[in-house]
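Visitor: After the structure tokens below, expect a handful of questions from me.
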Amino acid sequence: MQDLSRFPLELTGDDVPMVRFQQVRKSYGSLTVLDNLDLDVAPGEMVTIIGPSGSGKTTVLRMLMTLETINGGVIYVDGKPLTHMPKGGKLVPANERHLRNRRADIGMCFQHFNLFPHMTALENCMEGPVHVLGLTKAEARDRSEDLLELVGMIDKKDQHPSRLSGGQQQRVAIARALAMRPKVMLFDEVTSALDPEVIGEVTNVIRGLVDEHNLTMLMVTHQMGFARDISDRVCFFYAGRIEEQGTPADLFGNPQKERTQQFLSAVKEAV
Amino acid sequence: MFEWKWDFVWEIMPRLIEATGNTLLAAGAGYAIAVVLGLALALGQRTPYAVVTFVVREFVEFIRSTPLILQIFFVFYVGPQFGIRLSPWMSGMIAIGLHYACYLSEVYRGGIESVAKGQWEAATALNMTTAQKYRRIIIPQAIPPALAGMGNYLVGIFKDTPMLSVIGVAELIHTANAIGSENYRFLEPYTMVGIIFLAISLPAAGLIRLFEGRVRRKLGL
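Protein sequence lines correspond, in order, to chains F and B. Under the numbering used here, the residues of the first sequence are numbered 103 to 373, in order. Under the numbering used here, the residues of the second sequence are numbered 27 to 247, in order.
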């Protein structure tokens, strides 16, 4: 058992981060995927994670969505511990009830969309609001239709996912996640499975969210141009740690570390 | 040599038709038990508790590895020694329902395992409870791939109902036996029973395939 006494029960003060990874460790057997990760994301901030495959960037999002357990450290969301809960004045690993409570702040979009194939676009969006949030069908429908409008999918609302293109499915998936009104949105390589000509329709939706909504966002992407355009901060991951981070202008324009330079020039050549 | 007697066929048909009703009732009731109990047995192997999984798994294996007829005898003849006295019908339904529940649980298990991992993750991201994930997301997707197997066992249970004749359930074989012994003629009753089974099994298999297609379309798969 790790000693959790040095982790606060709650984050307090003037600038509590929306998300804090504190000394987070993740390993699969002897393979360390993340090595004592410290990362803060401020409210309303858009942070993009880039890096070679296997560098642990997707794992960061999956841990935050509680799809993966962590082997050390604590993750805080909105000042309160996510992976742990206070009990008798100290932190203990969270139970399912605590996770259900805290997970409500987080929404996620996946590389392969993961829409529910047996539901229409609208039903996909209404599912969570009706069955998890307890909204009436009418309320959930209004909310879902507004969001499908926002992502430009309102005219396809009665289609099943199998009838939609990848870009359309991903836009519905974004609307579905937003319908839960999360404080933090996670985008896990949401354009990686898309045909090049439809990537723009998805990135435009995310661009709109950045401009018009006060969402905190964490994104893993291989679209360097997109990351550069919309991020407040870019983190370059290498071998389970943040090798370098900074504003897009600094990180892309003037990378300091050798590995960052190598990665960025390799990516540039590929394009 | 025996000759085929149509008069005799017409004479015994009302009794055979009545017995057909009993056979269908036995198959239907047994299957209804199997469908519900089978799902419980499939889910029982997916709890976080290793002991529960182990016990359910071994139980299913045990039932699948022993003959149905033994299980029918057990419920009907051994039950009373433990103070459980059940009618032939009740015993038969329990035995055959339980037997097929174990087979169906494997079909369900396959269907549940065929649902993509991303569906579970999306359901978690929507903050659903485990029960909601199964009810709303996983089982609706697990059923269509399981329908073919479920249909096979529906026909299977129908063809296994004659086993209930051994404890005196008046289904087709039991009735045919009775007619044969009363009249010393077995050719017509047994032949007609065979034809009745064929006439029900064959169209049933076709209807199940049609139903499967409709369900898939309805779910947009």
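Just so it is clear, CB atoms sit at the ideal spot from N, CA and C, and this is done for glycine as well.
1) If we count the other Cβ atoms within 10 Å of its Cβ and call it buried at 16 or more, is LYS411/F buried or exposed?
2) For the region 160–184 of chain B, enumerate the residues whose C-beta is nearer than 8 angstroms to any C-beta of chain F, in chain order.
3) Please list the residues of the region 202–221 of chain F that have a C-beta atom closer than 7 angstroms to any C-beta atom in chain B, keeping them in chain order.
4) Just verifying my parser: in three-state terms, what is the DSSP assignment at ASP334/F?
5) Give a yes or no on whether the minimum CB-CB distance between GLN145/B and chain F is below 9 angstroms.
6) So that I know if they touch, is there some Cβ in chain B lying closer than 9 angstroms to that of ALA279/F?
7) Can we say the region 116–127 of chain F touches the region 140–150 of chain F, given the rule of at least three CB pairs closer than 8 angstroms?
8) Measuring alpha carbon to alpha carbon, tell me which residue in VAL77/B, GLU197/B and ILE169/B is nearest ILE43/B.
9) For a contact meaning CB atoms closer than 9 angstroms, what does THR150/F contact in chain B?
10) By the DSSP assignment, the alpha helix (DSSP H) with GLY310/F in it spans what residues?
11) Is LEU152/B close to chain F, meaning its C-beta is less than 9 angstroms from at least one C-beta of that chain?
12) Can you tell me the Cα-Cα spacing of VAL304/F and GLY64/B, whole angstroms?
13) Under the rule that 16 or more other beta-carbon atoms within 10 Å means buried, what is TYR210/B, buried or exposed?
14) Tell me, to the nearest whole angstrom, how far the beta carbon of VAL230/B is from that of VAL181/B; I am working on the premise that it is less than 8 angstroms.
15) Which residues in chain F have a C-beta closer than 8 angstroms to the C-beta of GLN158/B? List them in chain order.
16) CB ASP180/F to CB ASP207/F, shorter than 9 angstroms?
17) Give me the Cα-Cα distance between GLN145/B and LEU217/F, rounded to the nearest whole angstrom.
18) Given PRO376/F, which residues of its chain have a CB within under 7 angstroms of its CB, disregarding the five upstream and five downstream residues?
19) Residues of chain F with CB closer than 7 angstroms to the CB of LEU245/B, please, in chain order.
20) I need the straight-line Cα distance from GLY156/F to SER129/F, nearest angstrom please.
21) Does the Cβ of HIS186/F have 16 or more other Cβ atoms within 10 Å, making it buried, or fewer, making it exposed?
22) Starting from LYS128/F, follow the beta strand (DSSP E) in both directions and report where the run begins and ends.
23) Under 7 angstroms Cβ-Cβ, which residues of chain B neighbour GLU229/F?
24) Mapping the DSSP letters down to three states, classify ASN178/B as helix, strand or coil.
25) So what does DSSP say about ARG343/F, is it helix, strand or coil?
26) From MET189/B to ILE95/B, what does the alpha carbon distance come to, in whole angstroms?
27) Any idea if ASN153/B is buried or exposed, counting beta-carbon neighbours within 10 angstroms, 16 or more meaning buried?
28) Scan the region 63–76 of chain B for residues whose Cβ lies nearer than 8 angstroms to a Cβ of chain F and list them as they occur along the chain.
29) Return helix, strand or coil for GLU138/F, following the three-state DSSP convention.
30) Is DSSP giving LYS159/F helix, strand or coil here?
31) Could you tell me which chain B residues have their CB closer than 7 angstroms to the CB of MET287/F, listed as they occur along the chain?
32) So is VAL282/F in contact with chain B if we call contact Cβ pairs under 9 angstroms?
33) For the region 185–214 of chain B, which residues have a beta carbon sitting closer than 7 angstroms to at least one beta carbon of chain F?
Guide: If we stick to the structure as given:
1) In the structure as shown, chain F starts at 103 and stops at 373, and residue 411/F therefore has no counterpart that could be examined.
2) ARG162, ILE163, PRO166 and GLN167
3) ARG202, ARG205, ALA206, GLY209, MET210, PHE212, HIS214, ASN216, PHE218, PRO219 and HIS220
4) What you label residue 334/F is simply residue 232 of the first sequence in a count that begins at 1. Note: ASP334/F maps to coil in three-state DSSP.
5) Residue numbering aside, residue 145/B sits at position 119 when the second sequence is read from its first letter. Interface residue, yes.
6) Position 177 of the first sequence, counting from 1, holds the residue named residue 279/F. With 9 angstroms as the cut-off, ALA279/F counts as an interface residue toward chain B.
7) yes
8) Translated into positions along the second sequence, residue 43/B becomes position 17. Considering only alpha carbons, the answer is GLU197/B.
9) Taking the first sequence and counting its residues from 1, the one referred to as residue 150/F is at position 48. The contacting residues do not exist; THR150/F stays about 20 angstroms from chain B at best.
10) Translated into positions along the first sequence, residue 310/F becomes position 208. From DSSP, the alpha helix (DSSP H) with GLY310/F extends over 298–314.
11) Position 126 of the second sequence, counting from 1, holds the residue named residue 152/B. Chain F contact via Cβ: present.
12) In the first sequence, counting from the first residue as 1, residue 304/F sits at position 202. In the second sequence, counting from the first residue as 1, residue 64/B sits at position 38. Their Cα atoms are separated by approximately 43 angstroms.
13) As a first step, residue 210/B must be located in the second sequence, where it is residue number 184. Exposed, because fewer than 16 other Cβ atoms sit within 10 Å of the Cβ of TYR210/B.
14) Looking up residue 230/B in the second sequence gives position 204. Looking up residue 181/B in the second sequence gives position 155. Looking at the sequence provided, one finds Ala at residue 230/B rather than Val. Sure, about 6 angstroms apart at Cβ, within 8 angstroms.
15) As a first step, residue 158/B is located in the second sequence; it is residue number 132 there, counting from the start. The answer, in chain order, is HIS233 and VAL234.
16) Translated into positions along the first sequence, residue 180/F becomes position 78. Translated into positions along the first sequence, residue 207/F becomes position 105. Contact: yes.
17) By one-based count along the second sequence, residue 145/B stands at place 119. By one-based count along the first sequence, residue 217/F stands at place 115. Near 7 angstroms, if we compare the C-alpha coordinates of LEU217/F and GLN145/B.
18) Only positions 103 to 373 of chain F appear in this structure, which leaves residue 376/F out of reach.
19) Along the second sequence, one-based indexing puts residue 245/B at 219. Chain F residues near LEU245/B: HIS220.
20) For this step, residue 156/F is matched to residue 54 along the first sequence. For this step, residue 129/F is matched to residue 27 along the first sequence. When rounded, the distance between both Cα atoms is 12 angstroms.
21) Taking the first residue of the first sequence as 1, we reach residue 186/F at position 84. Label assigned to HIS186/F: buried.
22) On the first sequence, position 26 is the one that residue 128/F refers to. Segment 121–130, the beta strand (DSSP E) holding LYS128/F.
23) The count along the first sequence starts at 1 and reaches residue 229/F at position 127. Those are LEU152 and ARG162, listed as they occur along chain B.
24) If you number the second sequence from 1, residue 178/B lands on position 152. ASN178/B: helix per DSSP, three-state reduction.
25) Translated into the one-based positions of the first sequence, residue 343/F becomes position 241. Residue state, collapsed to three classes: strand.
26) Along the second sequence, one-based indexing puts residue 189/B at 163. Along the second sequence, one-based indexing puts residue 95/B at 69. Answer to the nearest angstrom: the Cα atoms are 6 angstroms apart.
27) Taking the first residue of the second sequence as 1, we reach residue 153/B at position 127. Classification of ASN153/B: buried, given that the 10 Å Cβ count is 16 or more.
28) none
29) By 1-based counting over the first sequence, the position of residue 138/F is 36. Looking at the sequence shown, residue 138/F is not Glu but Asn. Of the three classes helix, strand and coil, the one that applies to ASN138/F here is strand, per DSSP.
30) Locating residue 159/F in the first sequence gives position 57, where the first residue counts as 1. It is helical.
31) As a working note, residue 287/F is residue 185 in the first sequence. By Cβ distance, chain B contributes nothing, its closest Cβ being about 10 angstroms from MET287/F, past 7 angstroms.
32) Stepping through the first sequence from its first residue, residue 282/F is reached at position 180. Note that residue 282/F is Met in the sequence shown here, rather than Val. Answer yes: the Cβ-Cβ gap between MET282/F and chain B drops below 9 angstroms somewhere.
33) none
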